[in-house]
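S.K.: Sending over a structure as structure tokens; questions will come in a sec.
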Amino acid sequence: MTEYPSRRDPRKMLAGIAIVVILVISVYAAVTWWKPRFVVYTYSSFLDWGDEGAEAVIERAFAPFEEMYGVEVDIILLEVDANGIISKLVAESANPVADVVIGIDNILILQEAAKSVLEPYTSPNLSLINESLVDLLDPEHYLTPFDFGLVTLIYSTNTINTTTHPQLANLTFADLAETELASALVTENPHYSSPGLSFLLSQIAVYEKILHQDWTSWWEDVRNEIDVQEGWTEAWSVWSTDPTKHLMVSYGTDPAYSANDLGTAPDTAVAPFFYNDLYWAWMQVEGVGLVKNGPNPELGKAFIDYCLNATVQSEIPLNQWMFPVRTDLTLPSVYQYAIHPDEVSVLNQLLNSTEIATNLQDWLDLWDTTRAP
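Counting along the sequence shown from 1, when you hit position 219 you're at 523 in the numbering used here, and nothing is skipped either side.
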């Protein structure tokens with residue numbers, strides 16, 4: 305007798321087909337929607353000083369890069385300063401997580417630890433920016449300029465001004481050592497803060513190169529007067545809430561920030577130092593760098609190139625409150641209240657990078673000793 309195959313249950317067949325269809329759709333969706341992860345390390349306040357908040361600004365600035373390269377840009381805002389970012393990169397150096405880092409500046413890059421976790425890269429877009437910024441930040445191209453600003457003293461015009469204190473118009477460190485002004489000043493610890501370190505180097509430059517005096521003598525005079533906070537955020541908190549603190553080490557763009565916030569003339573002014581008939585300030589240049597042995601080196605290079613385009617650079621003035629490195633962008637009107645690089649002499653030119661790299665740790669140790677009780 306001929307045997308016939310048994311009839312299959314159509315419900316089971318349909319169920320099998322459904323499973324196959326679901327699997328195909330799932331695989332297609334995974335292939336279609338999954339994007340490689342591209343990681344950027346930076347500090348917590350990155351692009352976070354505008355009206356919209358960092359998330360919206362970062363999305364607007366970097367979404368075109370994501371679309372262009374089919375990646376998900378994960379900008380990780382670390383709750384540390386730039387020194388802390390370097391420490392994290394060193395800790396992960398055997399198996400790097402980040403592709404790119406933003407925020408290491410022209411002083412921190414002089415440390416061997418910083419160079420040990422970065423890979424030199426010369427962007428073809430350097431022609432779009434001022435060559436002097438490249439030389440000031442890093443001629444070896446471990447970093448590419450991202451933004452820059454002038455570190456100086458700011459003061460609240462609601463509590464102090466050039467009428468009540470005429471010395472603010474042509475301020476010297478001798479003026480600042482007077483008890484009334486010294487006790488009103490808030491600065492940052494140079495071990496942890498870029499503005500604090502810039503202020504220390506400014507003072508060393510003035511005393512050693514202009515006055516030809518021992519720089520530690522000034523710190524001995526003011527060690528019981530000046531309020532030294534750990535970082536810029538802590539210093540700003542004290543300066544903006546304590547009515548006895550009138551001056552702060554900060555950025556020359558702060559009056560522009562004040563004008564933008566108030567919608568009127570600013571209530572913050574700057575007091576650069578005055579020597580030899582010139583105004584002086586320290587220039588800080590922040591860079592973007594390629595992480596050594598990072599997961600996506602070619603994408604990292606493309607990202608650095610992208611950071612120099614107008615889409616990113618135009619977000620810097622009103623959200624970072626630094627100057628963009630592009631020379632062809634029109635600054636917002638409130639920047640008329642900021643101090644501009646062509647209005648001051650740059651103290652960096654008095655201390656070259658080799659001298660800073662050779663002496664920085666000794667200077668920091670001396671600063672600690674001088675301020676010890």
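Built from N, CA and C at the ideal position, the CB exists for glycine as well. Bear in mind that the values here come from a model prediction, so they are computed numbers and not experimental data.
Let me check understanding here. Comparing Cα to Cα, which of L668, M626, E659, Y583 lies closest to D352?
M.R.: Nearest C-alpha to D352: M626.
S.K.: Go to D522, then tell me how far its alpha helix (DSSP H) extends in each direction, as first and last residue.
M.R.: For clarity, residue 522 is Trp in the given sequence; the question names Asp instead. Per DSSP, W522 belongs to the alpha helix (DSSP H) from 520-526.
S.K.: Is V638 helix, strand or coil by DSSP?
M.R.: It is helical.
S.K.: Residues in the same chain with beta-carbon distance under 6 angstroms from T658, minus the five sequence neighbours each way, listed in chain order, please.
M.R.: So the list is empty, once near-sequence residues are dropped.
S.K.: Residues bridged to G453 by DSSP?
M.R.: In DSSP, G453 forms a bridge with Q588.
S.K.: Among residues of its own chain, excluding the 5 on either side of L393, which ones have a beta-carbon nearer than 6 angstroms to its beta-carbon?
M.R.: Taken in chain order, the residues that qualify are V421.
S.K.: Quick one: is N656 buried, meaning 16 or more other Cβ sit within 10 Å of its Cβ, or exposed?
M.R.: By the neighbour-count rule (16 or more Cβ atoms within 10 Å), N656 is not buried but exposed.
S.K.: Does the structure place the region 617-626 close enough to the region 524-543 that three or more beta carbon pairs sit under 8 angstroms?
M.R.: No, they do not touch.
S.K.: Note down the Cα distance separating H495 from G388, rounded to an integer number of angstroms.
M.R.: Each residue's Cα considered, the two are about 11 angstroms apart.
S.K.: List, from N- to C-terminal side, the alpha helix (DSSP H) runs of 4 residues or more that fit wholly inside the region 488-565.
M.R.: Here the runs fully enclosed are 498-509, 520-526, 536-545.
S.K.: Could you say which of N600, F577, L594, I433 lies nearest to I514 if we only look at CA atoms?
M.R.: Comparing Cα-Cα distances from I514 to each of N600, F577, L594, I433, the minimum goes to F577.
S.K.: Output needed for A642: all residues of its chain with C-beta closer than 7 angstroms, excluding positions within five of it in sequence on either side, in chain order.
M.R.: Same-chain partners within the cutoff: G556, T557, P559, A560.
S.K.: What residues match up with T448 in a beta bridge as DSSP calls it?
M.R.: Beta-bridge pairing links T448 to V592.
S.K.: With respect to the beta strand (DSSP E) encompassing V377, which residues constitute its N-terminal and C-terminal limits?
M.R.: First-last of the beta strand (DSSP E) with V377: 376-382.
S.K.: Look up P428 in the DSSP assignment and say whether it is helix, strand or coil.
M.R.: DSSP places P428 in helix when its eight states are reduced to three.
S.K.: Does the Cβ-Cβ distance between N462 and D565 come in under 8 angstroms?
M.R.: Not in contact: N462 and D565 (Cβ atoms no closer than 8 angstroms).
S.K.: Pick helix, strand or coil for P570, following the three-state DSSP scheme.
M.R.: Note: P570 maps to coil in three-state DSSP.
S.K.: Cutting at 7 angstroms between CB atoms, please list the residues of its own chain near V526, excluding the five before and the five after it.
M.R.: For V526, where only same-chain residues beyond five positions count, the Cβ hits under 7 angstroms are A481, A486.
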